[in-house]
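Input: a single structure, listed below in structure tokens.
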Amino acid sequence: MTDTQKIIKGSASSLMQTYKLQPVALDHGKGCRAYDTDGKAYLDCAAGIAVASLGHASPAVLKTITEQAAKLMICQASYATEPKEKAAKLLIETSCFDKIYFSNSGTESVEAALKLARKWAYEEKGEGCHEIITFHNSFHGRTYGSASITEKRHTQPYFAPYIEGIHYATFNDLPSVKALVSDKTAAIILEPVQGEGGLTPADADFLKGLRTLCDENNIALIFDEVQTGFGRLGTLYAYEYFGVEPDIAAWAKGMGAGFPVGAMAARDKFAAAFQPGSHGTTYGGNPLACAVVASVMEEMLKPGFMEHVQKTGKFLRTGLEDLKRSSNKITDIRGAGLMIGVDTVFDIKKLLPALRDNGLMSTQAGEATLRLTPPLIMSEDEAKEALEIIGKTLQEMKK
Ligand SMILES: Cc1ncc(COP(=O)(O)O)c(C=O)c1O
Numbered sequence: 105m106t107d108t109q110k111i112i113k114g115s116a117s118s119l120m121q122t123y124k125l126q127p128v129a130l131d132h133g134k135g136c137r138a139y140d141t142d143g144k145a146y147l148d149c150a151a152g153i154a155v156a157s158l159g160h161a162s163p164a165v166l167k168t169i170t171e172q173a174a175k176l177m178i179c180q181a182s183y184a185t186e187p188k189e190k191a192a193k194l195l196i197e198t199s200c201f202d203k204i205y206f207s208n209s210g211t212e213s214v215e216a217a218l219k220l221a222r223k224w225a226y227e228e229k230g231e232g233c234h235e236i237i238t239f240h241n242s243f244h245g246r247t248y249g250s251a252s253i254t255e256k257r258h259t260q261p262y263f264a265p266y267i268e269g270i271h272y273a274t275f276n277d278l279p280s281v282k283a284l285v286s287d288k289t290a291a292i293i294l295e296p297v298q299g300e301g302g303l304t305p306a307d308a309d310f311l312k313g314l315r316t317l318c319d320e321n322n323i324a325l326i327f328d329e330v331q332t333g334f335g336r337l338g339t340l341y342a343y344e345y346f347g348v349e350p351d352i353a354a355w356a357k358g359m360g361a362g363f364p365v366g367a368m369a370a371r372d373k374f375a376a377a378f379q380p381g382s383h384g385t386t387y388g389g390n391p392l393a394c395a396v397v398a399s400v401m402e403e404m405l406k407p408g409f410m411e412h413v414q415k416t417g418k419f420l421r422t423g424l425e426d427l428k429r430s431s432n433k434i435t436d437i438r439g440a441g442l443m444i445g446v447d448t449v450f451d452i453k454k455l456l457p458a459l460r461d462n463g464l465m466s467t468q469a470g471e472a473t474l475r476l477t478p479p480l481i482m483s484e485d486e487a488k489e490a491l492e493i494i495g496k497t498l499q500e501m502k503k
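Under the working numbering, residues 105 to 503 are what the sequence shown spells out, in order.
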């Protein structure tokens, strides 16, 4: 048995099977490439599902982790530290928000957003005002609050009861949201581009309509930017891409470029609902994670960074449109920036391994969509290579 086979077999026998194991064991990464334990290189168009925003082994992140780990990794959340202050200040200065709460993951950021919105509504509008409007095809995470506002709950009855007061509207359909609004509504939450649901972007007019609806009814508008934030759409924050400002946002993934960290941001009006004892976390806001966030932000704020993302996104999109025309194997292309969904005539369960065998790592979204979320630093040559691999694989595959 090879070392790789031993790692995969050992993982299969010792880990809970929450994921179907791939027949590959990964060893290391550099830039836009990941390498398996047999030394095979993959162009990483998954990036840990939109996480490795600066690529693997980013020199800036490595330097920060090394320096900050040697200095101070953890302290009680009630202490101020320079990295926490710096990261929060950078987030506030560059966004429409006034206050930051640090967490460790996407689902925790969403939980924090839901709790903040409910506490704000309780104090502002009264005890019964706790309802949340979410959307079909949504994905917000796997802890109970997040799972309760995620479409997948409907296929997981064994986890019930979910939290109460959740209503599902239809994405990009304002009348379906209006029909659910009442004096019990605390918040409306959505992904600006539905990720796991299949890479469907919101219509800017729909988001504008939601903004007006929330303003008129004093409802918190929450954007779950966990997958779309931090440059993924070619803007630092996803809301900037659409030109509609939410009241509260949930962030994670790309903001740590691979380091586990998340945050929830809010305008003062809402943020004031959190007081000592309302909410908290042992690890959230630790100096190491915050130093990483600050260094990721500094990289993303460098002149030309977002223009590069926009340019590479357009390049990939144009190449995919060309492939669609020439191959007849692509049926739809969706998304924004470097978050691209491709529907093909092939079974996604067969397409992903075929792409991987040809040296490209990617992921599935929805039932049938190929999702491309490469590092934001992907070069034009690498994007060209990705298109060549996709074209070649579509040509080789048989139904
Ligand atoms: C939009 C969105 N929200 C929340 C989450 C949950 O994030 P995490 O897996 O870090 O808990 C995800 C993860 O894919 C996501 O895409």
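The C-beta atom is built at its ideal place from N, Cα and C for all residues, glycine as well.
Here the structure is a predicted model, which is why all the values come from computation and not from measurement.
Residue i at chain D interface by Cβ criterion, 8 Å
{"i": "Val348", "result": "The chain labelled as chain D is not found in the depicted structure, where only one protein chain is given."}
Selection from the options that minimises the alpha carbon distance to residue i
{"i": "Phe263", "options": "Tyr387, Ala291, Ser250 and Thr274", "result": "Ser250"}
{"i": "Leu340", "options": "Cys149, Ala306, Glu402 and Ala291", "result": "Glu402"}
{"i": "Leu459", "options": "Leu491, Lys223, Leu176 and Ser430", "result": "Leu491"}
{"i": "Trp224", "options": "Lys373, Phe206 and Gly389", "result": "Lys373"}
{"i": "Glu212", "options": "Glu500, Val365 and Ala376", "result": "Val365"}
{"i": "Lys256", "options": "Glu300, Gly347 and Glu268", "result": "Glu300"}
{"i": "Arg336", "options": "Glu320, Leu311, Leu303 and Gly313", "result": "Leu303"}
{"i": "Ala354", "options": "Gln331, Phe363 and Gly338", "result": "Gln331"}
{"i": "His412", "options": "Arg222, Pro380, Glu231 and Ser483", "result": "Ser483"}
{"i": "Ala174", "options": "Arg429, Leu405 and Pro391", "result": "Pro391"}
{"i": "Ala221", "options": "Gly445, Asn208, Ala377 and Glu329", "result": "Ala377"}
{"i": "Ser182", "options": "Ser117, Ala487, Gln379 and Ser431", "result": "Gln379"}
{"i": "Thr435", "options": "Glu425, Gly159 and Leu125", "result": "Glu425"}
{"i": "Phe206", "options": "Gly381, Gly388, Glu329 and Ile323", "result": "Gly388"}
{"i": "Asp107", "options": "Tyr123, Pro127, Asp277 and Asp351", "result": "Pro127"}
{"i": "Pro279", "options": "Phe239, Glu295 and Glu268", "result": "Phe239"}
{"i": "Ser199", "options": "Ala367, Val155 and Ile153", "result": "Ala367"}
{"i": "Leu455", "options": "Lys502, Leu480 and Leu427", "result": "Lys502"}
{"i": "Asp319", "options": "Pro296, Val285, Gly333 and Gln298", "result": "Val285"}
{"i": "Met288", "options": "Ile270, Glu295, Pro296 and Leu294", "result": "As written in the sequence, residue 288 is Lys, which differs from the Met given in the question. Cα-wise, what sits closest to Lys288 is Ile270."}
{"i": "Phe243", "options": "Leu480, Asp451 and Glu215", "result": "Glu215"}
{"i": "Ile406", "options": "Asn462, Leu158, Lys453 and Ile111", "result": "Looking at the sequence shown, residue 406 is not Ile but Lys. Per the Cα distances, Leu158."}
{"i": "Ile382", "options": "Cys136, Pro296 and Ala217", "result": "Per the sequence shown, the amino acid found at residue 382 is Ser instead of Ile. Of the listed residues, the one whose Cα sits closest to Ser382 is Ala217."}
{"i": "Cys233", "options": "Gly245, Lys219 and Arg246", "result": "Lys219"}
{"i": "Gly441", "options": "Val297, Ile326 and Thr448", "result": "Val297"}
{"i": "Asn241", "options": "Asp277, Gly362 and Asp451", "result": "Asp277"}
{"i": "Ala306", "options": "Ile323, Asp328 and Ala291", "result": "Asp328"}
{"i": "Pro457", "options": "Gly143, Glu500, Ser431 and Val155", "result": "Glu500"}
Residue i beta carbon near ligand 2 (any heavy atom closer than 7 Å)
{"i": "Asp328", "result": "Among the ligands in the structure shown, ligand 2 does not appear; only ligand 1 can be found there."}
Element boundaries [beta strand (DSSP E), containing residue i]
{"i": "Tyr139", "result": "Arg137 to Asp140"}
{"i": "Val446", "result": "Met443 to Thr448"}
{"i": "Lys406", "result": "Per DSSP, Lys406 belongs to no beta strand (DSSP E) and is neither H nor E."}
{"i": "Gln437", "result": "Correcting the residue identity first, residue 437 is Ile in this sequence and not Gln. Element bounds for Ile437: Ile434 to Ala440."}
{"i": "Leu152", "result": "Before going on, a small fix: residue 152 reads as Gly here, not Leu. Segment Ala151 to Ala154 is the alpha helix (DSSP H) holding Gly152; no beta strand (DSSP E) there."}
{"i": "Asp461", "result": "From DSSP, Asp461 is part of no beta strand (DSSP E) but of the alpha helix (DSSP H) over Ile452 to Asp461."}
{"i": "Ser207", "result": "Lys203 to Ser207"}
{"i": "Gly333", "result": "It is not in any beta strand (DSSP E) - Gly333 carries neither H nor E in the DSSP assignment."}
{"i": "Thr467", "result": "Thr467 to Ala469"}
{"i": "Ile236", "result": "Glu235 to Phe239"}
{"i": "Tyr183", "result": "Where Tyr183 is concerned, there is no enclosing beta strand (DSSP E), given that its DSSP letter is neither H nor E."}
{"i": "Asp328", "result": "Ala324 to Asp328"}
{"i": "Ala129", "result": "Ala129 -> no beta strand (DSSP E), and no H or E assigned at all."}
{"i": "Tyr123", "result": "No beta strand (DSSP E) contains Tyr123, which DSSP labels as neither H nor E."}
{"i": "Asp148", "result": "Ala145 to Asp148"}
{"i": "Thr473", "result": "Thr473 to Leu476"}
{"i": "Ile352", "result": "Ile352 to Trp355"}
Limits of the alpha helix (DSSP H) - the one that residue i falls within
{"i": "Gly114", "result": "Asp107 to Ser118"}
{"i": "Ala225", "result": "Gly210 to Lys229"}
{"i": "Phe346", "result": "Ala342 to Phe346"}
{"i": "Leu311", "result": "Ala308 to Asn321"}
{"i": "Gln172", "result": "Pro163 to Lys175"}
{"i": "Arg246", "result": "No alpha helix (DSSP H) holds Arg246; DSSP gives it neither H nor E."}
{"i": "Ala487", "result": "Glu484 to Glu500"}
{"i": "Glu186", "result": "Glu186 to Thr198"}
Stretch-stretch touch, CB-based, cutoff 8 Å, three pairs: the region 386 to 402 with the region 466 to 483: no
Every unbroken beta strand (DSSP E) within the region 357 to 397, with a cutoff of 3 residues, ordered by chain: Whole beta strand (DSSP E) segments, 3+ residues: 366 to 370.
At least three beta-carbon pairs within less than 8 Å, the region 167 to 180 to the region 367 to 383: no
Sufficient close CB pairs (3 or more, under 8 Å) joining the region 412 to 421 to the region 314 to 330: no
The region 194 to 205 contacting the region 227 to 238, beta-carbon criterion three pairs below 8 Å: Because the criterion of three Cβ pairs below 8 Å is not met, the region 194 to 205 and the region 227 to 238 do not touch.
Segments assigned beta strand (DSSP E), at least 3 residues, entirely inside the region 248 to 313: Counting only runs that start and end inside the region 248 to 313, the beta strand (DSSP E) elements of at least 3 residues fall at 270 to 273 and 289 to 294.
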